[in-house]
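Step one of this worksheet: look at the structure below.
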DNA sequence: GCCTCGAACTTGACGCGTCAACATGGGTGA
DNA sequence: TCACCCATGTTGACGCGTCAAGTTCGAGGC
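Protein chains in written order, with our numbering: chain A, 1 to 178; chain B, 1001 to 1178.
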C-alpha cells in the first residue's frame, strides 16, 4: 500500500539507522527474552520468581540476613509498594519475617528465616548456571567489559531523567573472587 | 554474623567472579530499568504500553498494515495467548481489526485501522527519542556493534534451550537509512 | 463419508505489579 | 505542647500476562 521504504513506521521521522536498528533489535533480546527465560527457569526449578530470588538473595548477603524495607527496595530496583506485596507473600511462605524497628519511626526490617536461607541456597546454583548459560558463556572478556559500560551508561541516562527510583548499578554490596 | 565473604549468597557455590558480577549487575539495568523506563514514558506520552506500541509498529511496517496473528506473535516475541488479549483490547479501542482469512483454517489477520496508524505515527517520535536518549546516545560505535553481538548471542543461547517461542533478533523486517 | 489429529487461535481464572489512597510515627517551629 | 509535615510502609482496586482448557477448521487415513 503506502510508499514507505523507511526503516520505521513513519516516513519523515528521524528513525534509527541500519546499525542502530540492528543493535536495538538485538537489545530487545536482552530486555525481553532474557528476563522471561530466567523467570521461567527459576519458577520451574525453585518455585521462585526471579524477583523473589533477588529479594532473598540480597537479604542473604546482609549481616544478620536483615535489611530495612526501603533499603531492600533500593537494592532490588523496586518500588516500596511492590516490595511490600512480595515480602508479604514470602512471609506467608515463611521465607521471611518482618519486624518494626522500635523507636525509629515506621521503619521495618525484613529478615530471612532458616527456610528462606535454605531456599536461596537451593536456588542459587540453578540461577548461576542460567546466567552463565544464557549470558556469560557467550561473551568474550572484552564484550563483558563493554556490557558493563553499557549497563552503567543506561542506568545513568535513566536516572538523569527520573532521579527517584532505586539504584541498580551502584554500590555492589560485596565483591570477591571465587 | 555469618562468616561469608563470598560474592554470592552461598559460600562454596561456584559463583561469578568480580568482572562477571559487575557485568551482571550492569546488565540488570538493561533488563529491568530500561523496559520500565520505556514503558512509563510510552504510557505517559501516548497511552500505549511498550508492547502495544510494538504490535502497532510491526503492523505499520507490513504491506496493507496486515499480518496474521501467529506471525505477529513471532515478530513481537509474544505468546499467541498474550497477543490475542492485547489485540482484543486494541480492537476495542478501534486501533486494530481482526478478520478470519476465509478458506484457510482458523487463520486470522490483524489489520491497523486509520486511527491505529495515526496512533503509531503520533507515538513514534517519542519512542525513538526515548531509545536514543536512554541507549543510543550513550554508545560509541564499537559498543553499538558489541551490543548487537551480545543480543544475538543471548537470543541464540535461549532458543537453543527453548526452541519454541518467537524469534526476537532474526530477520529485521526492513532496513534503510535516514 | 467418517474419524481423528493437529494447527491456529480464544477464553477464563488466577497471580503479580502499579497507582492512588491511607496509616502511623517523628520532627520542627511557634 | 500543639499543629503540621515528612518519611516509611501498607492496602485495595484494577489491568496485564500466563497457563490450562476450550473451540474451530482443514487434512489425512481407511
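Ideal placement from N, C-alpha and C gives every residue a C-beta, glycine not left out. Computed from a predicted structure; not experimentally measured.
Problem set entry | Limits of the beta strand (DSSP E) - the one that residue 1111 of chain B falls within | Here the question's residue 1111 of chain B lines up with position 111 in the second chain. Residues 1108 to 1112.
Exercise. Secondary structure at residue 1067 of chain B, three-state DSSP: helix, strand or coil?
Worked result: Here residue 1067 of chain B corresponds to residue number 67 of the second chain, with the count starting at 1. In the structure shown, residue 1067 of chain B sits in a strand (DSSP, three-state: E or B).
Exercise. What residues in the segment 17 to 30 of chain A have a beta carbon less than 8 Å from any beta carbon of chain B?
Worked result: 17, 18, 19, 20, 21, 22, 23, 24, 25, 26, 27, 28, 29 and 30
Exercise. Taking just the CA atoms, how far does residue 1033 of chain B sit from residue 1042 of chain B?
Worked result: Your numbering for residue 1042 of chain B matches position 42 in the second chain. Your numbering for residue 1033 of chain B matches position 33 in the second chain. Computed Cα separation, rounded: 14 Å.
Exercise. Rounded C-beta distance between residue 99 of chain A and residue 109 of chain A? I'm assuming under 8 Å.
Worked result: Taking the first chain and counting its residues from 1, one reaches residue 99 of chain A at position 99. Taking the first chain and counting its residues from 1, one reaches residue 109 of chain A at position 109. About 5 Å; that satisfies the 8 Å criterion.
Exercise. Apart from the five residues just before and just after residue 147 of chain A, which ones in its own chain have a Cβ nearer than 8 Å to its Cβ?
Worked result: Here the question's residue 147 of chain A lines up with position 147 in the first chain. Cβ neighbours of residue 147 of chain A beyond the five flanking positions: 139.
For this session: Flag residue 1052 of chain B as yes if its beta-carbon sits less than 8 Å from any beta-carbon of chain A, otherwise no.
Result: Translated into the one-based positions of the second chain, residue 1052 of chain B becomes position 52. Taking Cβ atoms only, chain A never reaches closer than 8 Å to residue 1052 of chain B, which makes this a no.
For this session: May I ask which residues mark the beginning and end of the beta strand (DSSP E) holding residue 99 of chain A?
Result: As a first step, residue 99 of chain A must be located in the first chain, where it is residue number 99. 96 to 100 is the span of the beta strand (DSSP E), which, as asked, contains residue 99 of chain A.
Problem set entry | Contact belief for residue 157 of chain A with residue 1053 of chain B at Cβ below 8 Å, rounded distance in angstroms | Along the first chain, read from residue 1 onward, the residue named residue 157 of chain A stands at position 157. Along the second chain, read from residue 1 onward, the residue named residue 1053 of chain B stands at position 53. Between residue 1053 of chain B and residue 157 of chain A the Cβ distance is about 20 Å, and since that is not below 8 Å, they are no contact.
For this session: Assign residue 1030 of chain B to buried or exposed, taking buried as 16 or more other Cβ atoms, counted over all protein chains shown, within 10 Å of its Cβ.
Result: Counting from one through the second chain, the residue named residue 1030 of chain B turns up at place 30. Buried: at least 16 other Cβ atoms inside 10 Å.
Problem set entry | Contact list for residue 104 of chain A against chain B, beta-carbon separation under 7 Å | Walking along the first chain from the start, residue 104 of chain A turns up at place 104. Under the 7 Å cutoff, chain B gives no residues; its nearest Cβ is about 21 Å from residue 104 of chain A.
Problem set entry | Three-state secondary structure assigned by DSSP to residue 1146 of chain B | Translated into positions along the second chain, residue 1146 of chain B becomes position 146. Correct three-state label for residue 1146 of chain B: helix.
Problem set entry | Alpha-carbon to alpha-carbon, residue 1101 of chain B and residue 124 of chain A | The residue given as residue 124 of chain A occupies position 124 in the first chain. The residue given as residue 1101 of chain B occupies position 101 in the second chain. Rounded to the nearest angstrom, the two C-alpha atoms are 48 Å apart.
Exercise. Out of curiosity, what's the CA-to-CA distance linking residue 1059 of chain B and residue 1090 of chain B?
Worked result: The residue labelled residue 1059 of chain B in the question sits at position 59 within the second chain. The residue labelled residue 1090 of chain B in the question sits at position 90 within the second chain. Whole-angstrom Cα-Cα distance: 12 Å.
Exercise. With 16 as the cutoff for other CB atoms within 10 Å, does residue 137 of chain A come out buried or exposed?
Worked result: Within the first chain, residue 137 of chain A is the residue found at index 137, counting from 1. With fewer than 16 other Cβ atoms within 10 Å, it is exposed.
Problem set entry | Minimum Cβ-Cβ distance from residue 1015 of chain B to chain A less than 8 Å | Here residue 1015 of chain B refers to the residue found at position 15 of the second chain. Cβ-Cβ to chain A under 8 Å: yes for residue 1015 of chain B.
Exercise. On the premise that residue 94 of chain A lies in contact with residue 113 of chain A, defined as a C-beta separation below 8 Å, what is that separation, rounded to the nearest angstrom?
Worked result: Position 113 of the first chain, counted from the start, is the residue given in the question as residue 113 of chain A. Position 94 of the first chain, counted from the start, is the residue given in the question as residue 94 of chain A. Their Cβ separation, rounded to whole angstroms, is 6 Å, which keeps residue 113 of chain A and residue 94 of chain A in contact under 8 Å.
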